[in-house]
Every structure is written in structure tokens, then in C-alpha cells.
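J.:
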Amino acid sequence: MRGAVIHAPGDVRFENLDDPKVMEPTDAVIRTVATCVCGSDLWPYRGLEPVGDPHPMGHEYVGIVEEVGSEVANVRPGQFVVGSFATSDNTCVNCLNGWQSSCLNREFMSTCQADYVRIPNAHGTLVATDEHPDAEMVPSLLAVSDVMGTGWYAALAAEVKPGSTAVVVGDGAVGLCGVIAAKELGAERIIAMSRHASRQKLALEFGATDIVAERGDEGIARVKDLTGGIGADSVLECVGTADSMRQALHSARPGGNVGFVGVPHEVAIDGEELFFSHVGLRGGPAPVRRYLPDLIDRVLTGRINPGKVFDLSLPLDQVAEGYRAMDERRAVKALLKP
Ligand SMILES: [Zn+2]
């Protein structure tokens with residue numbers, strides 16, 4: 001089969017690789033229907049994380065089950081499945097508590113930009129749809145496997161409630177999905193922080209009521225202006241930089257909550273400042289598996305359409321162009337199909 005391999009910053013190649021096989025009785029192998037490039041894939045691509053030895057890339061996927069191990073009873077060959085970037089057995093104590101992304105047997109996916117993918121913990125990770133979905137549903141189901149699930153978690157971690165005010169920091173795919181989540185969870189006012197016209201437009205389409213283009217102290221002041229001078233009930237931090245975290249913490253009201261899902265890079269939190277802010281903080285890799293049945297249902301019934309975050313669609317063999325386009329901000333998110 002063929003798949004993406006990163007060799008160095010800026011150097012992603014599409015290469016021949018060994019076909020994946022079922023290695024454990026809890027594994028499955030799927031044939032990729034769609035995969036994509038994640039904002040977090042850009043960290044090593046931009047040299048902001050070490051690349052190390054050449055290795056495959058990708059952690060978002062939907063596909064058709066090819067083969068299952070002897071202990072995989074929940075899905076069978078031929079079914080269309082959605083998974084998560086973090087695999088989970090769905091039976092350990094952390095999974096039963098709803099924190100599948102902290103599963104005691106967790107393995108992070110990292111080989112999905114390929115024709116076929118081995119899924120560890122397939123029995124606890126994969127959710128099959130009743131039927132093969134129509135082609136136009138595929139992008140939204142793919143989004144559920146990471147960015148939509150992550151945006152959903154950000155909104156829950158920020159305790160978005162009906163009638164509340166939410167701020168979304170970050171207008172990448174996760175931030176835009178965070179707007180969808182805040183809307184679905186009943187936020188009355190959704191302030192999207194974005195400087196890009198096309199992303200502002202999509203945020204408004206997804207349910208944002210206000211756009212703040214300013215950043216830093218000006219952005220914080222603008223949010224305070226819009227929230228009675230105190231800040232928002234809920235803030236979704238969807239970037240992962242020191243600036244975006246500061247923006248988020250200072251945009252929440254006393255007693256408000258920040259959900260942070262951008263993988264932190266050089267983020268340091270001032271304990272004393274946090275103490276006196278009365279702001280609640282929860283983050284981490286989203287337990288996407290917990291939300292999969294609900295989010296798949298919302299997609300298939302047409303309630304949400306997070307697939308709109310994909311503004312570039314390429315054949316899988318052009319994966320390198322997907323990275324370039326996202327790196328150069330010509331695309332928010334690139335969808336890839338074998
Ligand atoms: Zn588990």
C-alpha cells in the first residue's frame with residue numbers, strides 16, 4: 001500500500017509501505033475511505049516539534065473494515081466505521097468513567113494518511129454506521145473522528161450551558177467545530193475570535209453571533225465590552241500557544257470556565273493569577289469515543305455539518321500538497337481520499 005511519511009520539516013513524501021496486518025486479537029485493519037491533515041501535523045512539519053526518524057503520519061480516519069482480530073465482536077468486515085485519534089478498550093476504569101482518551105491501553109493513531117490502517121483496540125474504538133453513508137456525509141463523519149469530537153469536548157470542558165455566553169479562541173478546524181458545539185449545547189451568544197474573512201463567514205454560518213478580530217489585550221478588551229465588562233461564561237481555547245491561552249484565561253468571567261484543547265506549546269500558567277481569577281480550567285486530548293454515537297447521529301440526521309471545515313480535497317497521493325496548503329494558510333483543512 002501507499003502512505004505519507006515525514007522525513008524532515010517541510011518534507012512529506014507519499015511512499016510504498018508494508019500492508020498493515022492484524023497483530024493482536026483486538027486489532028482491525030480498515031481500508032481508508034477518507035483521512036486528512038490535522039493542524040497538529042503542522043507542528044513537526046514546521047520544525048516546531050522534532051521529526052526524528054522518518055515515520056508515517058495521520059490520526060484521522062473513516063473507512064471500511066477489511067479484517068478483524070478474534071476478539072473484535074462489535075464490527076465486522078464490510079462495515080463503514082468511524083474511530084478516534086486515541087484508541088481505547090472502552091472497558092477499563094478510565095473508559096468506564098468516560099475518559100477513553102486516558103484508556104489504560106490507549107494507543108495514539110499515527111499512520112492514517114495511508115490506503116490501509118491498523119486500528120489497535122478496535123473493539124473499543126470503532127463505531128459502525130448502520131449503512132454505508134452517502135458520499136456527501138463522509139467529510140462530516142471524518143470530522144467527528146477528531147476536530148468535531150475535540151470541539152465538542154472543548155465546549156463541555158468549558159461548561160457551555162443553554163443561554164450562556166461562549167468565546168471561541170482559534171478559527172482553525174477545531175475552533176470552528178467548537179462554534180458548532182457551543183451552538184448545539186445552547187449557548188445564546190457565541191463570540192468567535194478570527195482574523196480571516198473566510199473563517200469568520202463559516203463561524204457565523206455555524207452559529208457565531210459576534211466576531212472579534214483583535215488579539216492580545218485589545219482582543220480581551222473587546223470580549224469584555226461584549227460581555228458586560230466581566231468576560232464570558234465559557235471559553236474554548238483551540239490553539240495551544242501562550243498567547244491563545246492568555247487570551248482564553250482573560251476572556252472568562254470570574255466563575256467561568258476555560259476548556260483547552262489546543263496541544264500546548266510553551267504554555268505556562270501563572271498559578272497566582274489563576275488562583276485569583278476564579279476561572280475553572282480543564283483540557284487534554286478529547287475523549288472522542290464517548291461522543292461518537294451522539295455526534296455520528298447528529299451528522300446523519302443533518303443537524304450538524306462539520307465537514308464544511310474541509311476547504312481543500314485532494315487525492316491521497318497529493319498529501320504533500322495538503323501539508324503545503326495548510327502550512328501556507330491557503331487551506332484550513334485538507335481532506336484526502338485514496
Ligand atoms: Zn480503557
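Take the sequence shown: its letter number 112 is residue 112 in full-length UniProt numbering, and every next letter is one higher. Each residue gets a CB set at the ideal place from its N, CA and C atoms; glycine is no exception.
(1) Using the three-state DSSP reduction, which class does histidine 132 fall into: helix, strand or coil?
(2) Using CA atoms only, rank isn't needed, just tell me which of Leu96, Ala114, Cys103 is closest to valine 319.
(3) Use the C-beta contact count for aspartate 27: other C-beta atoms within 10 angstroms, 16 or more gives buried, fewer gives exposed.
(4) Relative to the C-alpha of glycine 175, which candidate in Ser40, Leu142, Asp210, Leu236 has its C-alpha closest?
(5) Among Ala197, Gln79, Ala143, whose alpha-carbon lies nearest the alpha-carbon of alanine 34?
(6) For ligand 1, is there a heavy atom less than 7 Å away from the beta-carbon of asparagine 257?
(7) Hey, would you say the C-beta of threonine 91 is under 7 Å away from at least one heavy atom of ligand 1?
(8) Looking at C-alpha atoms only, which residue of Ala158, Asp210, Pro9, Ser198 is the closest neighbour of glycine 284?
(9) If you draw a straight line from the alpha carbon of leucine 335 to that of proline 44, how long is it in whole angstroms?
(10) With DSSP as the reference, label cysteine 103 as helix, strand or coil.
(11) Note the first and the last residue of the continuous beta strand (DSSP E) segment covering lysine 337.
(12) Going by DSSP, name the residue or residues bridged to glycine 280.
(13) Taking Cβ to Cβ, would you say glycine 219 is nearer than 8 Å to glutamine 247?
T.: The answer reads as follows:
(1) Secondary structure at histidine 132: coil, using DSSP grouped into helix, strand and coil.
(2) When each option's Cα is compared against that of valine 319, the closest is Ala114.
(3) Buried.
(4) The candidate whose alpha carbon is nearest that of glycine 175 is Leu236.
(5) Checked all of Ala197, Gln79, Ala143; the closest Cα to alanine 34 is Ala143.
(6) Within 7 Å of the C-beta of asparagine 257 there is not a single heavy atom belonging to ligand 1.
(7) Checking every heavy atom of ligand 1 against the Cβ of threonine 91, one is found closer than 7 Å.
(8) If you compare the alpha carbons of Ala158, Asp210, Pro9, Ser198 with that of glycine 284, the shortest gap goes to Ala158.
(9) A straight line joining the alpha-carbon of leucine 335 with that of proline 44 spans about 19 Å.
(10) In this structure, cysteine 103 counts as coil in the three-state DSSP scheme.
(11) Element bounds for lysine 337: 334-337.
(12) Answer is Asn257, bridged to glycine 280.
(13) If you check the CB distance, glycine 219 and glutamine 247 come in under 8 Å.
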